[in-house]
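Colleague:
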Amino acid sequence: MAKLNDTHDPQLKSWVESANVEGCDFPIQNLPFGMFRRLGSDDLPRGCVAIGDQVLILTHCLTKGLLNGKAEQAVEATLGPTLNPLMALGPDYWSALRAQLSALLSAGGAEAELKDALVPMAQVEMCMPADIGDYTDFYASVNHATNAGKLFRPDNPLLPNYKHIPIAYHGRASSINVSGTPSKRPMGQLKAPDAELPVVGACNRLDYETELGVFVGPGNEQGATISIDQAEDHIFGFCVLNDWSARDIQAWEYQPLGPFLAKNFATTISPWIVTMEAMAPYRQPVYQRPSDDPAPLPYLTSDTHENSGGLNITLEVAIATEKMRGDGQAPQVIGTPVFKDMYWSVFQMLTHHTMGGCNLQPGDFYGSGTISGTERNQLGSLLEVTIGGKESIEFPNGETRTFLEDGDEVIMRAWCEKDGAARIGFGACRSIILPATE
Ligand code: CA
Numbered sequence: 002m003a004k005l006n007d008t009h010d011p012q013l014k015s016w017v018e019s020a021n022v023e024g025c026d027f028p029i030q031n032l033p034f035g036m037f038r039r040l041g042s043d044d045l046p047r048g049c050v051a052i053g054d055q056v057l058i059l060t061h062c063l064t065k066g067l068l069n070g071k072a073e074q075a076v077e078a079t080l081g082p083t084l085n086p087l088m089a090l091g092p093d094y095w096s097a098l099r100a101q102l103s104a105l106l107s108a109g110g111a112e113a114e115l116k117d118a119l120v121p122m123a124q125v126e127m128c129m130p131a132d133i134g135d136y137t138d139f140y141a142s143v144n145h146a147t148n149a150g151k152l153f154r155p156d157n158p159l160l161p162n163y164k165h166i167p168i169a170y171h172g173r174a175s176s177i178n179v180s181g182t183p184s185k186r187p188m189g190q191l192k193a194p195d196a197e198l199p200v201v202g203a204c205n206r207l208d209y210e211t212e213l214g215v216f217v218g219p220g221n222e223q224g225a226t227i228s229i230d231q232a233e234d235h236i237f238g239f240c241v242l243n244d245w246s247a248r249d250i251q252a253w254e255y256q257p258l259g260p261f262l263a264k265n266f267a268t269t270i271s272p273w274i275v276t277m278e279a280m281a282p283y284r285q286p287v288y289q290r291p292s293d294d295p296a297p298l299p300y301l302t303s304d305t306h307e308n309s310g311g312l313n314i315t316l317e318v319a320i321a322t323e324k325m326r327g328d329g330q331a332p333q334v335i336g337t338p339v340f341k342d343m344y345w346s347v348f349q350m351l352t353h354h355t356m357g358g359c360n361l362q363p364g365d366f367y368g369s370g371t372i373s374g375t376e377r378n379q380l381g382s383l384l385e386v387t388i389g390g391k392e393s394i395e396f397p398n399g400e401t402r403t404f405l406e407d408g409d410e411v412i413m414r415a416w417c418e419k420d421g422a423a424r425i426g427f428g429a430c431r432s433i434i435l436p437a438t439e
């Protein structure tokens with residue numbers, strides 16, 4: 002059960018002034034983890050937390066002797082090039098570290114000792130936060146499943162298993178990139194519906210999918226399972242995820258075993274991991290299913306889960322074309338999907354993943370699936386916005402799109418806000434499309 006403590010107090014301020022600015026993604030109530038190196042250096046990545054427009058180098062807290070107990074052990078786990086060892090430790094360690102960092106960074110905290118432990122974000126390059134061993138992508142938005150299903154199977158959009166089982170496919174971990182890395186348009190087998198034979202060519206229906214990414218903390222032994230009420234102790238935190246999708250490749254290859262090359266050429270994630278504990282103020286009851294929908298099977302539900310298994314997160318996806326960037330124009334927002342309407346929760350996804358005995362490991366990663374609401378401005382993919390490429394969107398400068406073109410930059414963001422809690426943000430997940438190598 003999500004508990005609020007002093008670290009969530011909306012009145013709490015930091016001695017890092019930029020963290021106190023209204024609308025900042027990284028106030029002291031957030032404290033997301035990441036890995037960074039100084040811009041232009043070949044340094045090994047180092048563990049840090051975001052505070053305002055700065056990164057705090059975690060090891061400085063150790064060398065100055067400012068941490069003790071489980072918090073000290075937690076920072077010792079960040080001395081390698083990834084956060085996997087920290088993820089493996091579990092919530093007692095994460096929580097101890099969060100509490101001590103919050104005290105050190107709060108107004109009247111350890112400004113004298115830690116002011117040299119800060120580096121401006123403008124002077125760092127963020128790295129992959131974890132070595133992701135395995136990646137799974139779910140399909141948890143019933144609105145997206147229905148919209149996309151209509152386009153791929155007009156007569157049979159929502160398959161009969163959807164409301165009983167969290168559907169997913171095993172994705173490709175090796176091609177997950179951190180925000181800022183360009184994404185190359187894939188080549189693939191393409192077959193137009195009226196063509197007799199497939200041809201090889203560059204994808205010409207390249208799309209994004211706006212998703213929430215979840216990093217696994219402590220795993221489970223192979224053959225063991227994680228119950229729905231234990232699930233939150235196995236989640237380290239969350240980021241924004243763009244599941245790039247080649248719709249023309251997908252249409253030809255996806256039956257009978259699901260997506261393959263349509264999805265495995267690239268996936269982009271935002272660099273900061275917003276922790277499970279930082280999300281505590283934004284837990285809420287799970288999505289209320291219509292009364293004639295089946296109830297989740299017993300292993301996927303509990304009273305605690307019903308009351309607090311939902312997450313109140315707003316996401317945003319925007320496009321900046323090459324011309325827009327050259328002309329100094331702001332990215333055009335295409336959709337603002339909300340996570341609270343997801344049919345399956347992040348906890349149900351994790352529990353279902355293990356119910357057959359599959360072992361999850363620290364640093365494993367899963368995506369929620371495209372997040373789409375019921376309104377046109379809440380759609381998480383171009384496939385849905387353009388109704389499978391039938392209707393184009395027009396930008397203020399007159400350019401139009403059905404799918405993405407080379408040079409387009411896709412920028413995703415997410416944030417949580419409500420009365421009585423500090424607004425927290427996830428930072429950006431951005432990537433520019435490079436041309437295919439024909
Ligand atoms: Ca997806």
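Numbering follows our numbering, with no gaps: position 37 of the sequence shown is 38.
We put the beta carbon where it would ideally sit given N, CA and C, even for glycine.
Identify whether Arg424 lies in helix, strand or coil by the three-state DSSP scheme.
Modeller: Indexing the sequence shown from 1 puts residue 424 at position 423. Arg424: coil per DSSP, three-state reduction.
Colleague: Going along the chain, which unbroken runs of the alpha helix (DSSP H) with 4 or more residues stay wholly within the segment 114 to 188?
Modeller: For the segment 114 to 188, whole alpha helix (DSSP H) runs of length 4 or above, ordered along the chain, are 143 to 153.
Colleague: Just the C-alpha distance for Arg424 and Tyr94, rounded to the nearest angstrom, thanks.
Modeller: Residue 424 sits at position 423 when you count from the first residue of the sequence shown. Residue 94 sits at position 93 when you count from the first residue of the sequence shown. Each residue's Cα considered, the two are about 24 Å apart.
Colleague: Run through DSSP, which three-state label would Gly358 get?
Modeller: What you label residue 358 is simply residue 357 of the sequence shown in a count that begins at 1. In this structure, Gly358 counts as coil in the three-state DSSP scheme.
Colleague: Does DSSP put Gly214 in a helix, in a strand, or in coil?
Modeller: Locating residue 214 in the sequence shown gives position 213, where the first residue counts as 1. DSSP places Gly214 in strand when its eight states are reduced to three.
Colleague: Can you tell which of Leu159, His354, Pro338 has its C-alpha closest to the C-alpha of Tyr300?
Modeller: Position 299 of the sequence shown holds residue 300. Ranking the options by Cα distance to Tyr300, first place goes to His354.
Colleague: Assign Gly336 to one of two classes, buried (16 or more other C-beta atoms within 10 Å of its C-beta) or exposed (fewer than that).
Modeller: One-based indexing of the sequence shown puts residue 336 at position 335. By the 10 Å Cβ count, Gly336 comes out buried.
Colleague: Can you give the Cα-Cα distance for Phe427 and Ser271, rounded to whole angstroms?
Modeller: If you number the sequence shown from 1, residue 427 lands on position 426. If you number the sequence shown from 1, residue 271 lands on position 270. About 8 Å.
Colleague: Would you kindly report the start and end of the unbroken alpha helix (DSSP H) that includes Thr60?
Modeller: As a first step, residue 60 must be located in the sequence shown, where it is residue number 59. Start and end: 59 to 64.
Colleague: Look up Asp208 in the DSSP assignment and give the residues it is bridged to.
Modeller: One-based indexing of the sequence shown puts residue 208 at position 207. According to DSSP, which records beta bridges pairwise, Asp208 is partnered with Ser246.
Colleague: Following the continuous alpha helix (DSSP H) through Ala97, name the residue where it begins and the one where it ends.
Modeller: Within the sequence shown, residue 97 is the residue found at index 96, counting from 1. Note, Ala97: alpha helix (DSSP H), 92 to 106.
Colleague: CB of Gly370 to nearest heavy atom of ligand 1: below 7 Å?
Modeller: For the purposes of this step, residue 370 is identified with residue 369 of the sequence shown, where counting begins at 1. Gly370 Cβ: within cutoff of ligand 1.
Colleague: Quick check for students: name the residue ranges of the beta strand (DSSP E) that lie wholly in the segment 282 to 324, counting only runs of 3 or more.
Modeller: The qualifying runs are 315 to 321.
Colleague: Out of Thr79, Arg414, Thr83, Leu119, point me to the one whose CA is closest to Ala51's CA.
Modeller: Translated into the one-based positions of the sequence shown, residue 51 becomes position 50. Comparing Cα-Cα distances from Ala51 to each of Thr79, Arg414, Thr83, Leu119, the minimum goes to Leu119.
Colleague: Compare the beta carbon distance of Phe366 and Ile168 with 8 Å and say whether it is the shorter of the two.
Modeller: If you number the sequence shown from 1, residue 366 lands on position 365. If you number the sequence shown from 1, residue 168 lands on position 167. No, the pair does not count as a contact, with Cβ atoms beyond the cut-off.
Colleague: CB-CB under 8 Å to Asn178, same chain, minus the five flanking residues each way: which ones, in chain order?
Modeller: What you label residue 178 is simply residue 177 of the sequence shown in a count that begins at 1. So the qualifying residues of the chain are Met129, Ser184, Ala267, Thr268, Thr269, Ile270, Ser432.
Colleague: Can you find a heavy atom of ligand 1 that lies under 7 Å from the Cβ of Asp365?
Modeller: Locating residue 365 in the sequence shown gives position 364, counting from the first residue. Not under cutoff, so the answer is no.
Colleague: Using three-state DSSP, classify Val386 as helix, strand or coil.
Modeller: Counting from 1 along the sequence shown, the entry for residue 386 is found at position 385. Val386: helix per DSSP, three-state reduction.
Colleague: Does DSSP put Phe348 in a helix, in a strand, or in coil?
Modeller: As a position in the sequence shown, residue 348 is number 347, starting the count at 1. The answer is helix: DSSP assigns Phe348 an H, G or I state.
Colleague: Roughly how many angstroms separate the alpha carbons of Glu245 and Thr438, rounded to a whole number?
Modeller: Start at 1 with the first residue of the sequence shown, and residue 245 comes out as number 244. Start at 1 with the first residue of the sequence shown, and residue 438 comes out as number 437. Here residue 245 is Trp; the residue named in the question, Glu, does not match the sequence. So the two alpha carbons sit approximately 17 Å from each other.
Colleague: In this structure, does DSSP put Gly327 in helix, strand or coil?
Modeller: Locating residue 327 in the sequence shown gives position 326, counting from the first residue. Helix.
Colleague: Mind checking whether Tyr283 and Ile314 have CB atoms under 8 Å apart?
Modeller: The residue given as residue 283 occupies position 282 in the sequence shown. The residue given as residue 314 occupies position 313 in the sequence shown. In this structure, Ile314 lies closer than 8 Å to Tyr283 by Cβ.
Colleague: Considering only C-alpha positions, which residue in the set Asp10, Glu392, Lys164, Cys359 is nearest to Asp293?
Modeller: Taking the sequence shown and counting its residues from 1, the one referred to as residue 293 is at position 292. Cα-wise, what sits closest to Asp293 is Lys164.
Colleague: What residue range is occupied by the uninterrupted alpha helix (DSSP H) comprising Glu73?
Modeller: Taking the first residue of the sequence shown as 1, we reach residue 73 at position 72. Unbroken alpha helix (DSSP H) run through Glu73: 70 to 77.
Colleague: For the segment 407 to 422 against the segment 275 to 289, do three or more pairs of beta-carbon atoms, one drawn from each stretch, fall closer than 8 Å, so that the two count as touching?
Modeller: yes
Colleague: Have a look at Val339, Leu383, Thr322, Gly399 and flag the residue whose alpha-carbon is nearest the alpha-carbon of Leu152.
Modeller: In the sequence shown, counting from the first residue as 1, residue 152 sits at position 151. For Leu152, the nearest C-alpha among the options comes from Leu383.
Colleague: Using C-beta distances below 8 Å, list every residue in its chain close to Pro199, excluding the 5 sequence neighbours before and after it, in chain order.
Modeller: Translated into the one-based positions of the sequence shown, residue 199 becomes position 198. Contacts found: Gln190, Leu191, Lys192, Trp253.
Colleague: Please determine, among Asp208, Val275, Val217, Ser107, the residue with the shortest C-alpha to C-alpha distance to Ile250.
Modeller: If you number the sequence shown from 1, residue 250 lands on position 249. Nearest of Asp208, Val275, Val217, Ser107 to Ile250, Cα basis: Asp208.
Colleague: Report the option in Ala319, Glu323, Ala296, Gln289 whose CA atom is closest to the CA atom of Asn308.
Modeller: If you number the sequence shown from 1, residue 308 lands on position 307. With distances taken between Cα atoms, Asn308 lies closest to Gln289.
Colleague: Taking only heavy atoms of ligand 1 into account, decide whether any of them is closer than 7 Å to the Cβ of Asp156.
Modeller: In the sequence shown, counting from the first residue as 1, residue 156 sits at position 155. No; taking the cut-off as 7 Å, the Cβ of Asp156 has no heavy atom of ligand 1 nearer than that.
Colleague: Reducing DSSP to helix, strand and coil, say where Met2 ends up.
Modeller: Within the sequence shown, the letter at position 1 stands for residue 2. Model confidence at Met2 stands at a pLDDT of 49, short of 50, so the residue's coordinates are unreliable and nothing is read from them.
Colleague: Please confirm whether Ile274 and Phe34 have their CB atoms less than 8 Å apart.
Modeller: Counted from its first residue, the sequence shown places residue 274 at position 273. Counted from its first residue, the sequence shown places residue 34 at position 33. For Ile274 and Phe34, yes; Cβs fall inside 8 Å.
Colleague: Please confirm whether Gly150 and Trp16 have their CB atoms less than 8 Å apart.
Modeller: Within the sequence shown, numbered from 1, the residue matching residue 150 stands at position 149. Within the sequence shown, numbered from 1, the residue matching residue 16 stands at position 15. Judged by their CB atoms, Gly150 and Trp16 are not nearer to each other than the 8 Å cut-off.
Colleague: Please tell me whether, using a cut-off of 7 Å, the distance from the CB of Glu210 to the nearest non-hydrogen atom of ligand 1 is below it.
Modeller: Within the sequence shown, numbered from 1, the residue matching residue 210 stands at position 209. Yes.
Colleague: Measuring alpha carbon to alpha carbon, tell me which residue in Glu400, Gln231, Gly399, Ser180 is nearest Met356.
Modeller: For the purposes of this step, residue 356 is identified with residue 355 of the sequence shown, where counting begins at 1. Nearest Cα to Met356 within the set Glu400, Gln231, Gly399, Ser180: Gln231.
Colleague: Measuring alpha carbon to alpha carbon, tell me which residue in Ala72, Val56, Gln55 is nearest Leu63.
Modeller: Against the sequence shown, residue 63 aligns to sequence position 62. Closest by alpha carbon: Ala72.
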